[in-house]
Ligand SMILES: Cc1ncc(C[n+]2csc(CCOP(=O)(O)OP(=O)(O)O)c2C)c(N)n1
Ligand SMILES: [Mg+2]
């Protein structure tokens with residue numbers, strides 16, 4: 001059913017003027033006396049102490065990076081340290097009133113935000129909760145060295161635990177939050193609401209909206225804060241994340257009981273610099289980052305610029321904005337003005353700014369000014385502040401020392417396989433929550449379910465081939481698997497471009513619109529980075545999601561989200577998080593150069609992704625079932641050439657019931673003994689046609705194997721076949737240079753060297769752009785190309801006249817010409 005948002009010509013052609021409201025800039029002007037009712041004296045001390053802790057934590061890092069020593073401890077820290085000295089008040093203000101269930105996502109410069117959020121959570125959690133977290137987190141691996149000989153309170157223990165975990169993480173120790181696999185730029189600690197910090201500028205901008213989506217869809221308490229820098233507002237994915245967050249549908253089409261707009265606050269830690277480039281006055285034109293909100297929605301994202309050198313101004317803003325988010329009126333944008341007195345990194349010579357400017361900000365240092373305000377107000381005695389300072393500086397120093405101690409805080413050895421062990425979580429999770437999955441109808445009444453019921457699931461029927469209209473096809477296989485999991489896992493959602501009313505650009509979801517409420521199936525903006533980023537955030541928070549890219553050619557638009565985010569957070573978390581995300585990517589044909597490229601090789605190359613490409617209904621259903629039962633990111637390629645192909649191989653047909661196909665197993669589609677042909681993607685059907693000709697014209701029996709999965713991949717069935725035949729041709733529809741098959745060919749050469757009659761031969765598409773539909777036969781491998789290649793390079797076929805050039809000379813000529 002269409003959603004009935006009527007676009008009326010009379011209305012849209014009416015003359016009017018778009019009005020903008022004023023955006024507050026530094027509106028906060030309360031005195032301490034006026035704020036007295038909102039804070040206890042202890043609160044003020046805590047705010048001060050948190051700022052001091054961050055300053056000390058980072059001063060230590062600065063000193064060891066620049067001088068190699070701090071207070072008698074010598075240490076060489078090889079990795080990065082992007083310090084936020086000067087930005088403490090902004091970090092503490094941001095975190096102070098956030099609850100543990102409020103989650104923050106951040107950037108490369110997030111030490112301060114991490115510490116502030118951790119301290120805030122420690123204050124709010126009970127001793128029992130803290131002990132439980134410390135003891136259970138990695139079975140107490142971080143706690144053990146910290147608790148040795150410590151006799152203080154649980155809260156003090158937790159503080160030391162937290163500082164130690166952070167330092168250990170920065171120093172790549174096993175005792176770090178993420179076993180040292182996150183490091184300075186990526187450290188996080190989910191139990192305190194601290195989620196991944198991103199070394200890709202603006203990376204959190206597209207991920208955090210997915211986390212907020214998770215909160216909404218699953219009715220979880222809390223908000224999401226994306227702490228990103230001012231320069232990140234030049235990043236496309238940040239704009240896409242904002243667009244994704246501000247969609248009208250949350251408030252106008254979704255069930256209002258869910259709570260309305262996404263509970264997300266984009267917090268710009270505006271220090272006026274990128275590394276050396278200046279968004280203010282040089283590399284951007286908005287002047288005030290808060291102005292961005294005006295272009296996003298009528299509420300202008302409730303944007304404000306606030307004084308990030310005054311922790312109370314920041315706390316005030318966060319308290320007010322949190323209420324707006326609770327009321328379902330998100331997203332929110334804060335332009336939190338701050339300044340990094342430290343360099344971008346310790347090697348920064350500050351060539352892009354004057355000494356005078358730095359000195360001016362040092363004079364305005366919030367640590368000094370807040371202390372002066374507190375002392376002058378008489379609310380807190382100077383001695384209390386001094387004692388608080390000594391206590392926290394001692395704790396930070398002690399934990400630094402402990403983290404540098406290799407005996408207490410070991411690194412994994414270089415021989416260790418730890419990284420390999422955490423690349424994939426390889427779990428099976430039926431569902432991520434016990435709620436009843438939401439549907440709008442009884443699935444027995446669903447039109448698509450009924451239509452599929454009438455289809456024929458076997459290769460033949462009554463001894464005859466099944467007509468296309470009646471055949472259970474690849475599209476149906478994917479649909480059934482997705483519906484199956486949607487009916488089990490209440491957290492599971494699906495989104496992408498044209499996913500809902502259209503039913504997916506290629507109709508895979510047709511029928512789901514009537515079955516699922518909006519929040520389980522919705523149209524995303526044309527924001528590929530926003531789509532994959534949101535799926536990553538949703539997965540990180542513990543929800544299952546299927547998102548879709550309409551064409552493989554659009555992967556570049558979501559490059560970072562696929563290559564650095566989807567793929568890496570499981571391992572960068574040191575195995576703490578899972579990523580139950582299936583990214584469906586349709587591979588086109590007939591639509592020319594920018595809509596017809598198989599880019600599987602790009603993701604095959606990226607560590608941390610499972611990459612599959614089933615091309616039969618049986619495989620599509622079984623592999624989607626397996627992908628959706630797992631906890632790893634799976635890039636699931638689908639070919640538009642064969643969406644409506646019926647089953648041609650599985651004699652028993654495609655089962656109506658549930659089954660899984662392990663995501664590593666090649667499938668022998670036709671048995672043979674003279675030669676092995678391995679395919680990936682729809683080239684299977686090209687190979688079958690070629691094998692038919694080899695049999696009928698030359699009496700040769702070819703074994704045809706569909707790789708199905710590029711990673712992980714069990715080589716055994718391939719090796720067994722090649723050992724038997726001694727000859728192997730590998731073919732796919734991707735351009736030949738650097739395709740997945742080149743890797744497999746290299747591996748088979750090594751694995752089967754003694755059994756091979758000659759080197760494996762790879763046939764792919766030409767190393768060209770994909771030409772027009774009418775000319776595709778000159779580009780994609782044809783059955784004749786496979787025969788030509790076999791004749792020229794594997795096994796001369798008697799009396800055969802090749803029609804294309806597949807010789808080694810031709811291969812060399814093309815390589816030299818770069819085509
Ligand atoms: C996508 C990307 N481009 C460039 C960089 C290199 N880089 C690291 S930090 C940085 C500046 C970021 O400035 P901003 O977002 O304002 O954050 P800040 O460093 O000021 O905290 C740059 C360009 C990167 N890490 N990621
Ligand atoms: Mg900046």
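Numbering (my numbering), first residue to last: 1 to 819. Beta carbons: idealized from backbone N, C-alpha and C, even for Gly.
Per DSSP, what kind of secondary structure is residue 358 in: helix, strand or coil?
Numbered from 1 along the chain shown, position 358 holds the residue referred to as residue 358. Residue state, collapsed to three classes: helix.
Per DSSP, which residues does residue 335 bridge with? Please list them.
Position 335 of the chain shown holds residue 335. For residue 335, which the question treats as bridged, DSSP gives the partners 268, 305.
Residue span of the beta strand (DSSP E) that contains residue 125, given as start and end
For the purposes of this step, residue 125 is identified with residue 125 of the chain shown, where counting begins at 1. That residue, residue 125, is in no beta strand (DSSP E); it is neither H nor E in DSSP.
Less than 7 Å separating the Cβ of residue 274 from some heavy atom of ligand 1?
For the purposes of this step, residue 274 is taken as the residue at position 274 of the chain shown. Between ligand 1 and residue 274, a heavy atom-to-CB distance of less than 7 Å is present.
What does residue 584 pair with, by DSSP beta-bridge criteria?
For this step, residue 584 is matched to residue 584 along the chain shown. Answer is 548, 636, bridged to residue 584.
For residue 62, which of helix, strand or coil comes out of DSSP?
The residue you call residue 62 lines up with position 62 of the chain shown. Residue 62 falls in the helix class under three-state DSSP.
Could you round the C-beta distance between residue 145 and residue 408 to whole angstroms and report it? I think they count as a contact, below 8 Å.
For the purposes of this step, residue 145 is taken as the residue at position 145 of the chain shown. For the purposes of this step, residue 408 is taken as the residue at position 408 of the chain shown. About 4 Å separates the two Cβ atoms, so the contact holds.
Other residues of its chain near residue 122: CB distance less than 7 Å, five sequence neighbours each side excluded:
One-based indexing of the chain shown puts residue 122 at position 122. Correct list, in chain order: 130, 155, 158, 159, 162.
Taking C-alpha atoms, which residue in 686, 759, 772 lies nearest to residue 784?
By one-based count along the chain shown, residue 784 stands at place 784. With distances taken between Cα atoms, residue 784 lies closest to 686.
Apply the 10 Å Cβ neighbour rule to residue 266 and answer buried if 16 or more other Cβ atoms are within range, or exposed otherwise.
Here residue 266 corresponds to residue number 266 of the chain shown, with the count starting at 1. Looking at its Cβ environment, which holds 16 or more other Cβ atoms inside 10 Å, residue 266 is buried.
Chain-order list of residues whose beta-carbon lies under 6 Å from that of residue 431 (same chain, five-residue window excluded)
The residue labelled residue 431 in the question sits at position 431 within the chain shown. The residues are 488, 489.
Which same chain residues end up closer than 6 Å to residue 706 when comparing Cβ atoms and leaving out the 5 residues on each side of it in sequence?
Your numbering for residue 706 matches position 706 in the chain shown. 667, 669, 679, 684.
Below 8 Å, how does it come out for the stretch 223-230 and the stretch 267-276: are there three or more Cβ pairs, yes or no?
yes
Secondary structure of residue 625, DSSP reduced to three states:
Against the chain shown, residue 625 aligns to sequence position 625. In the structure shown, residue 625 sits in a helix (DSSP, three-state: H, G or I).
At a cut-off of 7 Å, would you count residue 839 as near ligand 2, judging by its Cβ distance to the nearest heavy atom?
Absent from the model: residue 839. The displayed extent of the chain is 1 to 819, so no value can be given.
Hey, is the stretch 253-261 in contact with the stretch 529-542, meaning 3+ C-beta pairs nearer than 8 Å?
Touching, no.
Any contact of the stretch 20-37 with the stretch 87-100, i.e. 3+ C-beta pairs under 8 Å?
no
Touch check for the stretch 505-521 and the stretch 650-667: three-plus C-beta pairs under 8 Å?
No contact exists between the stretch 505-521 and the stretch 650-667.
Return the Cβ separation of residue 549 and residue 535 in integer angstroms, given the expectation that the two are a contact with Cβ distance under 8 Å.
By 1-based counting over the chain shown, the position of residue 549 is 549. By 1-based counting over the chain shown, the position of residue 535 is 535. Actually they do not touch by this definition, with Cβ atoms about 10 Å apart.
For the candidate residues 644, 188, 86, 714, whose alpha-carbon lies nearest to that of residue 479?
For the purposes of this step, residue 479 is identified with residue 479 of the chain shown, where counting begins at 1. Nearest C-alpha to residue 479: 644.
Might you give, ordered along the chain, the residues of its own chain that have their beta carbon closer than 7 Å to the beta carbon of residue 445, omitting 5 neighbours on each side?
Sequence index remark: in the chain shown, residue 445 carries index 445 (1-based). There are no such residues.
Output needed for residue 116: all residues of its chain with C-beta closer than 6 Å, excluding positions within five of it in sequence on either side, in chain order.
Here residue 116 is taken as the residue at index 116 of the chain shown, counted from 1. Here the set comprises 50, 91, 92, 95.
In terms of alpha-carbon separation, which member of 310, 411, 700 lies closest to residue 32?
One-based indexing of the chain shown puts residue 32 at position 32. Cα-wise, what sits closest to residue 32 is 310.
Where does residue 680 sit, in a helix, a strand or coil, going by DSSP?
Here residue 680 refers to the residue found at position 680 when the chain shown is read from its first residue. In the structure shown, residue 680 sits in a strand (DSSP, three-state: E or B).
Only counting runs of 3 or more residues, tell me where the beta strand (DSSP E) segments fall wholly within the stretch 66-108, in order along the chain.
103-107
In three-state terms, what does DSSP make of residue 793?
Your numbering for residue 793 matches position 793 in the chain shown. Correct three-state label for residue 793: helix.
CB contact flag (residue 114, residue 190, <8 Å)
Along the chain shown, read from residue 1 onward, the residue named residue 114 stands at position 114. Along the chain shown, read from residue 1 onward, the residue named residue 190 stands at position 190. Not closer than 8 Å, so no.
Just reading off the beta strand (DSSP E) that residue 296 is part of, what are its end residues?
The count along the chain shown starts at 1 and reaches residue 296 at position 296. Careful: residue 296 lies outside any beta strand (DSSP E) and carries neither H nor E.
Which residues in the same chain as residue 522 place their Cβ atom closer than 6 Å to its Cβ, once the five residues preceding and following it in sequence are excluded?
Stepping through the chain shown from its first residue, residue 522 is reached at position 522. Cβ neighbours of residue 522 beyond the five flanking positions: 495, 500.
Please confirm whether residue 723 and residue 752 have their CB atoms less than 8 Å apart.
One-based indexing of the chain shown puts residue 723 at position 723. One-based indexing of the chain shown puts residue 752 at position 752. Yes, the Cβ-Cβ distance between residue 723 and residue 752 is below 8 Å.
Are at least three pairs of beta-carbons, each pair with one atom in the stretch 758-775 and one in the stretch 631-639, less than 8 Å apart?
no
Burial state of residue 637 (16 or more Cβ within 10 Å)
Looking up residue 637 in the chain shown gives position 637. Around the beta carbon of residue 637, a 10 Å sphere encloses 16 or more other beta carbons of the protein chains shown; the residue is thus reported as buried.
Classify residue 18 as buried or exposed, calling it buried when 16 or more other Cβ atoms lie within 10 Å of its own Cβ.
Working through the chain shown from its first residue, we reach residue 18 at position 18. It counts as exposed.
Cβ-based burial, residue 277 [other Cβ within 10 Å; buried from 16]:
One-based indexing of the chain shown puts residue 277 at position 277. With fewer than 16 other Cβ atoms within 10 Å, it is exposed.
Do residue 725 and residue 674 have their C-beta atoms closer together than 8 Å?
For the purposes of this step, residue 725 is taken as the residue at position 725 of the chain shown. For the purposes of this step, residue 674 is taken as the residue at position 674 of the chain shown. In contact: residue 725 and residue 674 (Cβ atoms closer than 8 Å).
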